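Single-structure report; data block below.
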Amino acid sequence: MSRKLLPGKLVIATHNTGKLREIQALLAPYGMECLSAGELGLPEPAETGTTFVENALIKAHAAAKAANLPALADDSGLSVAALGGAPGVYTADWAEAAPFEGGPGRDWYMAMGKVEGKLAEQGPAAPRDCWFSCVLAIAWPDGAEATYEGRANGTLTWPPRGTMGFGYDPVFVPVGDTRTFAELDPEEKHAISHRADAFAKLVAEQFAG
Numbered sequence: 001m002s003r004k005l006l007p008g009k010l011v012i013a014t015h016n017t018g019k020l021r022e023i024q025a026l027l028a029p030y031g032m033e034c035l036s037a038g039e040l041g042l043p044e045p046a047e048t049g050t051t052f053v054e055n056a057l058i059k060a061h062a063a064a065k066a067a068n069l070p071a072l073a074d075d076s077g078l079s080v081a082a083l084g085g086a087p088g089v090y091t092a093d094w095a096e097a098a099p100f101e102g103g104p105g106r107d108w109y110m111a112m113g114k115v116e117g118k119l120a121e122q123g124p125a126a127p128r129d130c131w132f133s134c135v136l137a138i139a140w141p142d143g144a145e146a147t148y149e150g151r152a153n154g155t156l157t158w159p160p161r162g163t164m165g166f167g168y169d170p171v172f173v174p175v176g177d178t179r180t181f182a183e184l185d186p187e188e189k190h191a192i193s194h195r196a197d198a199f200a201k202l203v204a205e206q207f208a209g
C-alpha cells in the first residue's frame with residue numbers, strides 16, 4: 001500500500017488553470033489545501049518522458065522537491081485511434097504557437113485543426129474513435145510516489161462546440177452523450193472524465209477508510 005496523503009498543504013504541479021480548477025474541485029472534500037506550482041513560482045520541468053506516467057512523475061517529483069511538500073501532478077492527453085494514438089503524450093506540443101510575454105503560447109484551436117486535418121487526409125471513412133488518458137502522480141519530498149491512471153472513451157466531432165472545459169474538449173464527445181466535454185457543466189464532466197476516473201482510483205487508495 002502506498003503512503004497516505006494527510007490533510008494539509010498539497011502542491012498541484014501545473015501552470016494550467018483549467019486543470020488546476022478541476023483538480024481543486026475534486027480534492028475539495030478531502031481537507032487538502034491546494035497550492036499551484038504557478039502561484040508558488042515553481043519552474044516547469046522539461047517533460048522528457050515517453051509515457052503519461054513518466055511525465056506525471058517528473059512534474060510531481062520536481063514540485064515536491066522544490067516546495068518541500070507533497071505534490072500532485074497530472075499528465076493527460078488525447079489519443080486518436082486512426083492516428084496511431086497520436087497526439088498522445090505530445091498533446092500539448094501540437095498546440096505550441098508563437099511565444100507571448102511571460103511564457104509559451106498554446107493555440108488549442110490550431111491543435112484541434114491539426115487533428116482534424118490529419119483525419120481528413122485519410123478520407124471521409126476514417127474512424128473517429130479516440131480517448132483521453134490521465135495519469136495522476138503523487139510525490140513526497142523524500143522520493144516516495146504513487147500513480148493512478150484513468151481513461152475516457154469517445155469520438156471526435158467537427159467543428160468544435162462549447163465554451164467550457166479546455167484543450168481538446170470542444171471536439172471530444174464522450175461515449176453515451178451527444179455533447180462535447182466543452183458543452184458539459186463542470187460537474188457533469190467531473191463525473192465522467194478521464195481525470196475523474198484516475199481520481200476515483202486515487203481516492204480509493206488515499207482517502208477511503
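Using the UniProt record's numbering, you'd call the opening residue of the sequence shown number 1 and step up by one each time. The beta-carbon is built from N, C-alpha and C at its ideal position, and this holds for glycine as well. Note that this is a predicted model, so its numbers are computed, not measured.
Alpha-carbon to alpha-carbon, residue j and residue i
{"i": "glutamate 145", "j": "glycine 123", "result": "44 angstroms"}
{"i": "serine 193", "j": "alanine 182", "result": "12 angstroms"}
{"i": "threonine 51", "j": "valine 89", "result": "6 angstroms"}
{"i": "leucine 69", "j": "lysine 9", "result": "7 angstroms"}
{"i": "threonine 155", "j": "tryptophan 131", "result": "8 angstroms"}
{"i": "alanine 37", "j": "threonine 14", "result": "6 angstroms"}
{"i": "histidine 61", "j": "arginine 195", "result": "20 angstroms"}
{"i": "lysine 59", "j": "leucine 136", "result": "10 angstroms"}
{"i": "glycine 208", "j": "glutamate 121", "result": "According to the sequence displayed, residue 208 carries alanine and not glycine. Cα to Cα, the separation comes out at about 48 angstroms."}
{"i": "valine 115", "j": "arginine 3", "result": "40 angstroms"}
{"i": "alanine 95", "j": "alanine 111", "result": "5 angstroms"}
{"i": "glycine 162", "j": "lysine 65", "result": "38 angstroms"}
{"i": "glycine 165", "j": "threonine 180", "result": "9 angstroms"}
{"i": "leucine 20", "j": "glycine 143", "result": "23 angstroms"}
{"i": "isoleucine 12", "j": "glycine 85", "result": "27 angstroms"}
{"i": "glutamate 44", "j": "proline 87", "result": "21 angstroms"}
{"i": "proline 159", "j": "glycine 176", "result": "19 angstroms"}
Top-ranked residue by Cα proximity to residue i, from the options
{"i": "leucine 5", "options": "Gly117, Phe172, Ala71 and Gly154", "result": "Ala71"}
{"i": "glutamate 205", "options": "Cys34, Pro45 and Thr147", "result": "Thr147"}
{"i": "aspartate 74", "options": "Glu96, Gly41, Ala139 and Tyr109", "result": "Ala139"}
Secondary structure of residue i, DSSP reduced to three states
{"i": "tyrosine 109", "result": "helix"}
{"i": "lysine 201", "result": "helix"}
{"i": "aspartate 177", "result": "coil"}
{"i": "glycine 18", "result": "helix"}
{"i": "tyrosine 90", "result": "helix"}
{"i": "leucine 83", "result": "helix"}
{"i": "arginine 128", "result": "coil"}
Residues near residue i by beta carbon distance below 8 angstroms, same chain, minus five either side
{"i": "glutamate 101", "result": "Low confidence applies to glutamate 101: its pLDDT is 43, below 50, so where it sits in the model is not reliable, and the reading given next is rough at best. Contacts found: none."}
{"i": "leucine 119", "result": "Val80, Ala82, Leu83, Ala126, Arg128 and Leu156"}
Neighbourhood of residue i by C-beta, 6 angstroms cutoff - its chain only, sequence neighbours within 5 removed
{"i": "glycine 103", "result": "Low confidence applies to glycine 103: its pLDDT is 46, below 50, so where it sits in the model is not reliable enough to give any reading."}
{"i": "proline 7", "result": "Gly31"}
{"i": "alanine 56", "result": "Ala73, Asp75, Val135 and Ala137"}
{"i": "glycine 18", "result": "Phe166"}
Cβ shell of residue i (< 7 angstroms), same chain only, five flanking positions each side left out
{"i": "alanine 152", "result": "Trp131, Phe132, Pro174, Ile192, Ser193, His194 and Asp197"}
Cβ-Cβ separation, residue j to residue i (assumed contact under 8 angstroms), whole Å
{"i": "glutamate 39", "j": "histidine 190", "result": "At roughly 22 angstroms, the Cβ-Cβ gap does not stay under 8 angstroms, so glutamate 39 and histidine 190 are not in contact."}
{"i": "proline 186", "j": "alanine 46", "result": "Between alanine 46 and proline 186 the Cβ distance is about 31 angstroms, and since that is not below 8 angstroms, they are no contact."}
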